[in-house]
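Heads up, the thing below is written out as structure tokens.
Number of protein chains: 2
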Amino acid sequence: MADAKIRLFLEQPLGAGQPVPLTQEQAHYLFGVMRLGKGAGVLVFNGRDGEWRAEVAEAGKRGGLLVCAEQTAPLRVPPDLWLMFAPIKKARTDFIVEKAAEMGVRRILPVQTRFTNSERIRQDRLQAHAVEAAEQCGGTFVPEVCDLVALDRLLADWPAERRIMWCDENMLGARAGLLAGAGETEPRGFEEAPKSPSPGPWAVLIGPEGGFAEAEQARLRRMEQVVPVSLGPRILRADTAAVAALTLWQSVLGDWV
Amino acid sequence: MADAKIRLFLEQPLGAGQPVPLTQEQAHYLFGVMRLGKGAGVLVFNGRDGEWRAEVAEAGKRGGLLVCAEQTAPLRVPPDLWLMFAPIKKARTDFIVEKAAEMGVRRILPVQTRFTNSERIRQDRLQAHAVEAAEQCGGTFVPEVCDLVALDRLLADWPAERRIMWCDENMLGARAGLLAGAGETEPRGFEEAPKSPSPGPWAVLIGPEGGFAEAEQARLRRMEQVVPVSLGPRILRADTAAVAALTLWQSVLGDWV
């Protein structure tokens, strides 16, 4: 089999010897755009069965067939972490979704706050961005991108056990705040922190560029699940804050440890 | 004085009562583009004297005069941290410079590695990006963007006391690696780490998308200043890696503590 350099996300089941009939779109991409021929290798994943090396068995204009040869990577599911953010300008929203997929989150929730400008998002387009990011970064999992939801509504039904890392200004030191919120009553060394196998369900909340409204802040402060965390002494743009917050969470409580 | 919402970086000295003669370009921006008139307020900084609220004393087409009223923020110099990265596609290189300015570094060094595609950068354009990022994120300091330099040459003259956080795959856990490299012989808790006032001079090194060549890796491994650090189990794009690495450094050794 030729060296497989293309990584393709698809919905079909994958397994040893499993034939994978291709949709017209997939066939167009592999045979029309990427010019693969019969016998060529391709890496495929579906977010459930890990990554597989597959071989082109039939190549046509409107369809084709891959056959899975061997698993090249197991499914790696990220920790149970959600990212909530207020959509901003298109390019930066795309960026946040791409980065969240790279950094390892389970679910991406665009939220509408009082100071969020955008009233709608293209969920399908953002989901496609998450898929593309996973294809490019070697991921075997694709986070689910949800539709835009009002923060107020989301918080009204918030699960009791899911903690929220609220990235806010003028808070405790970055890691100390996160550790304290993770149940550490007094600052302990990181190496002693309750670092896994599972930190439990969490979400990271990034504010809109204009910050949260007074009422939103008050509500967040009242919620027991909320852990306010500082992202340093400088003001970060929302897209920077998203990557920084996910790094902090992953390196303190997640799978970067 | 009207509410000052515009933040402007300029080279002129700033101080109480200090008159600031404007260049033609600055006058064009303030009076032509932003339509400020006499008496209007503007926030100015020069990277040395903190942030000042100034008032328009004279407004002309080819020049004008501001007068500094009061200091609104002291100069905040970031820790002695450099960011070295291999330039990538234009938009992502711009992004790295913008993020580095937001996250707090002293100097930005684009480096040419064996697997770096670009042979040249527009230093002036990148420096302007750093200025713009500082203007927008409320910074009072602007990192210096250097010209492209070959990694080999840079490392040949590397200062003995400046440690390098080398972001590489298959390394120690993110923070454990950094702490160990910071002189911690055995893993200690973060709270006990030597966290300030100064961690000493450091640099963060982000590889090109294709990774480092064998010879480069061998050289880095031989250098005593080099501290290899993992950025988690997923492959990160260079721009994501830059923000993640700076977050890690700032939250463990820098001024986010």
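Those sequence lines, one after another, are chains A and B.
Using the numbering used here, the letters of the first sequence map in sequence onto residues 233 to 489.
Using the numbering used here, the letters of the second sequence map in sequence onto residues 233 to 489.
Quick reminder that beta carbons are idealized off the backbone N, C-alpha and C, glycines included.
Q | Whole-number beta carbon distance between H361 of chain B and D326 of chain B, since they are thought to touch under 8 angstroms | A | 5 angstroms
Q: Let me know the secondary structure DSSP gives W398 of chain A once reduced to three states.
A: strand
(Q) Whole angstroms are fine: how far does the CA of L254 of chain A sit from the CA of G247 of chain A? (A) 15 angstroms
Q | Whole-number beta carbon distance between P433 of chain B and E393 of chain B, since they are thought to touch under 8 angstroms | A | 6 angstroms
Q: Would you mind sorting M258 of chain A into buried or exposed? The rule is 16 or more other CB atoms within 10 Å of its CB.
A: Reading off the sequence shown, one finds Gln at residue 258 of chain A, where the question assumed Met. Buried is the call here.
Q | Nearest-angstrom Cβ-Cβ length linking V288 of chain A and V274 of chain A, presumed shorter than 8 angstroms | A | 7 angstroms
Q) For R357 of chain A and chain B, any beta-carbon pair shorter than 8 angstroms? A) no
Q: Would you check if the distance between the CB atom of R179 of chain B and the CB atom of E302 of chain B is smaller than 8 angstroms?
A: What the structure shows of chain B is the stretch from 233 to 489, and residue 179 of chain B is not part of that stretch, so it cannot be assessed.
Q) Roughly how many angstroms lie between the CA atoms of S350 of chain B and A473 of chain B, to the nearest whole one? A) 19 angstroms
(Q) Can you list, in chain order, the residues of its chain with a C-beta nearer than 7 angstroms to that of R451 of chain A? Leave out the 5 residues immediately preceding and following it. (A) L387
**Q.** Anticipated Cβ contact below 8 angstroms, L437 of chain B with M335 of chain B, distance rounded
**A.** At roughly 15 angstroms, the Cβ-Cβ gap does not stay under 8 angstroms, so L437 of chain B and M335 of chain B are not in contact.
Q: Going by DSSP, name the residue or residues bridged to E287 of chain A.
A: A:G273, A:V299
Q: Closer than 6 angstroms by C-beta to G249 of chain B: which residues in its own chain qualify, once you throw out the five before and the five after it? Chain order, please.
A: none
Q: Establish whether the CB of A476 of chain B and some CB of chain A are separated by less than 8 angstroms.
A: yes
Q.
Any C-beta of chain B within less than 8 angstroms: which residues of the segment 456 to 468 of chain A qualify?
A. S462, L463, G464, P465, R466, I467, L468
Q | Cβ neighbour criterion (16 or more within 10 Å) applied to K237 of chain A | A | exposed
(Q) Here's the rule: buried if 16 or more other CB atoms are within 10 angstroms of the residue's CB, otherwise exposed. What is R454 of chain A? (A) exposed
Q | Candidates B:R466, B:K331, B:A323, B:Q449, of which the one nearest R469 of chain A by Cα | A | B:K331
Q: With DSSP collapsed to three states, give me the class of L452 of chain B.
A: helix
Q) Among A:T345, A:A445, A:P251, A:W481, which residue has its Cα nearest to the Cα of R395 of chain A? A) A:W481
Q) Could you give the C-beta distance for A318 of chain A and P465 of chain A, rounded to a whole number, given that I count them as a contact under 8 angstroms? A) The Cβ separation is near 22 angstroms, so there is no contact.
**Q.** Where E334 of chain B meets chain A, residues with beta-carbon distance less than 7 angstroms
**A.** R466, L468, R469, T472
Q) Quick one: is R267 of chain A buried, meaning 16 or more other Cβ sit within 10 Å of its Cβ, or exposed? A) exposed
**Q.** Distance between beta carbons of L358 of chain A and A435 of chain A, contact taken as under 8 angstroms
**A.** With 8 angstroms as the limit, A435 of chain A and L358 of chain A do not qualify as a contact, their Cβ atoms being about 17 angstroms apart.
(Q) Taking the beta carbon of E418 of chain B as the centre, do at least 16 other beta carbons fall within 10 Å, making it buried, or is it exposed? (A) Caution applies to E418 of chain B, whose pLDDT of 38 falls short of 50 and renders its modelled position unreliable; the value that the coordinates give is listed next. The residue is exposed, with fewer than 16 neighbouring Cβ atoms inside 10 Å.
Q: Determine the burial state of D379 of chain B: buried for a count of at least 16 other Cβ atoms within 10 Å of its Cβ, exposed for fewer.
A: exposed
**Q.** Neighbour-count burial assignment, V309 of chain B, 16 or more Cβ in a 10 Å radius
**A.** exposed
Q: Assign F263 of chain B to one of three DSSP states: helix, strand, or coil.
A: helix
Q. Is the CB-CB distance between P460 of chain B and W398 of chain B below 8 angstroms?
A. yes
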